[in-house]
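Chains A and B supply the protein sequences, listed in that same order. Sequential numbering of the first sequence, starting at 8, is according to the working numbering. Sequential numbering of the second sequence, starting at 1181, is according to the working numbering. We put the CB at the ideal spot given by N, CA and C, even for glycine.
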Amino acid sequence: MAFSEPVTGVGTSVAFGTTTAYSALQITDVQVNGISVANIPTPHLGLSVGDYIPYIPGDLKEGDTITYTFHVDMDVIPLPQHTKETITQTQPITDGTNTTAGTIAFSGYISNVQWGQPIDGKCEGSYDVKVAGNITFTDSSA
Amino acid sequence: MGVAAVTAVTNRMYSDVLGQGATLPAIVYRIVSGEHAHHLKGSANFGETVIQIDCIDDSHTGRDDADALAEIVRKNLTSYSGTVGGDKINNILASTPRYRYEQPRDGKGIGRFVHSRDYRVFHAEPAVST
């Protein structure tokens, strides 16, 4: 499908399969911190001075973490977890003809949380979710 | 300035404009700016409104009465939380005051001493369905 236009993050939400209370937090920003594969250098004696170092990609992907920024609810502080659960992030609908949002789903856990309680503004925080398994991408649909 | 004088001023609080010939001391308040908080699913039903409050007097003794009135306003508003007219206020912060003197327009008598201060009001907003 052709690219239509840029979109904002409005419509994004995250749902926790087990600790459902966390799903109700007001998310203000989502940062996917990087999905990557290892870069494996394969230099050999047949190379000449000035050549570029050759690489092969690793076989496995590193899911890294996803950082969610949220409005602090003092009754629901998301804490680091010791067990994995299914986490589903609902994506903004990017196509005007679609009504069902796309999702990314994976097994993961909260690995870090931090928040601030400033005197002159609303309380905001962020938590990191460690991607601990395969990510399933589902496109939006009509 | 005594409490009685301040009580009298409560009947002379004006929105935006001090009318011509208004009795002094008086208070003029105006909304300077507003900000609404959002999250990725809609409104956070939380806002910050900046309100400027000018305490005005034309005392022959100088600006002391305007400053005293402003100080009473500050003490009553700073750190206030509660419900006013159905609106929930989380907190009020006083900003740095500003002082000015307004010359009399006809060049006679004494002008006006104005003690002006912005207040940052953090408050809930009516829920918006998403």
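Suppose contacts are defined by Cβ-Cβ distances below 8 angstroms. Is E1305/B in contact with N1256/B by that definition?
As a first step, residue 1305/B must be located in the second sequence, where it is residue number 125. As a first step, residue 1256/B must be located in the second sequence, where it is residue number 76. It is not a contact, given that the beta carbons lie outside the stated cut-off.
Which chain B residues sit within Cβ distance under 7 angstroms of I84/A?
Translated into the one-based positions of the first sequence, residue 84/A becomes position 77. Contacts between I84/A and chain B, judged by CB atoms closer than 7 angstroms, are missing: the closest CB pair is about 17 angstroms apart.
Alpha carbon to alpha carbon, how far is I126/A from F113/A? Give it in angstroms, no decimals.
Your numbering for residue 113/A matches position 106 in the first sequence. Your numbering for residue 126/A matches position 119 in the first sequence. Rounded to the nearest angstrom, the two C-alpha atoms are 37 angstroms apart.
Sorted by chain position, which residues of the same chain lie with C-beta nearer than 8 angstroms to P64/A's C-beta, five sequence neighbours on each side aside?
For the purposes of this step, residue 64/A is identified with residue 57 of the first sequence, where counting begins at 1. So the qualifying residues of the chain are V44, A45, N46, I47.
State the Cα-Cα distance for the pair V17/A and G140/A, rounded to the nearest angstrom.
Numbered from 1 along the first sequence, position 10 holds the residue referred to as residue 17/A. Numbered from 1 along the first sequence, position 133 holds the residue referred to as residue 140/A. Taking the Cα positions, V17/A is about 26 angstroms away from G140/A.
Alpha-carbon to alpha-carbon, T35/A and F77/A:
Here the question's residue 77/A lines up with position 70 in the first sequence. Here the question's residue 35/A lines up with position 28 in the first sequence. Cα atoms of F77/A and T35/A: separation of roughly 5 angstroms, rounded to the nearest angstrom.
Taking beta-carbon pairs under 7 angstroms, can you tell me which members of the segment 1254-1273 of chain B lie near chain A?
Taking a C-beta cut-off of 7 angstroms against chain A, the contacting residues of the segment 1254-1273 of chain B are L1273, listed in chain order.
In chain A, which residues lie less than 9 angstroms from K1221/B when you measure between Cβ atoms?
As a working mapping, residue 1221/B is identified with position 41 in the second sequence. Chain A residues near K1221/B: V17, G18, T19, S20, Q33, I34.
Which listed residue (F1293/B, A1307/B, V1308/B, H1216/B) has its alpha carbon closest to that of V1208/B:
Here residue 1208/B corresponds to residue number 28 of the second sequence, with the count starting at 1. Of F1293/B, A1307/B, V1308/B, H1216/B, the residue nearest in Cα terms is F1293/B.
Leaving out the 5 sequence neighbours to the left and right, which residues in its chain are closer than 6 angstroms to Q1283/B when beta-carbon positions are compared?
By 1-based counting over the second sequence, the position of residue 1283/B is 103. Only G1291 meet the Cβ criterion.
Whole-angstrom C-beta distance between A1246/B and I1236/B, which should lie under 8 angstroms:
As a first step, residue 1236/B is located in the second sequence; it is residue number 56 there, counting from the start. As a first step, residue 1246/B is located in the second sequence; it is residue number 66 there, counting from the start. The beta carbons of I1236/B and A1246/B sit about 6 angstroms from each other, so the pair counts as a contact at 8 angstroms.
T76/A (DSSP reduced to helix, strand or coil)
As a first step, residue 76/A is located in the first sequence; it is residue number 69 there, counting from the start. Residue state, collapsed to three classes: strand.
Give the range of the alpha helix (DSSP H) segment to which A1250/B is assigned.
Here residue 1250/B is taken as the residue at index 70 of the second sequence, counted from 1. Secondary structure note for A1250/B: its alpha helix (DSSP H) is the uninterrupted segment 1244-1257.
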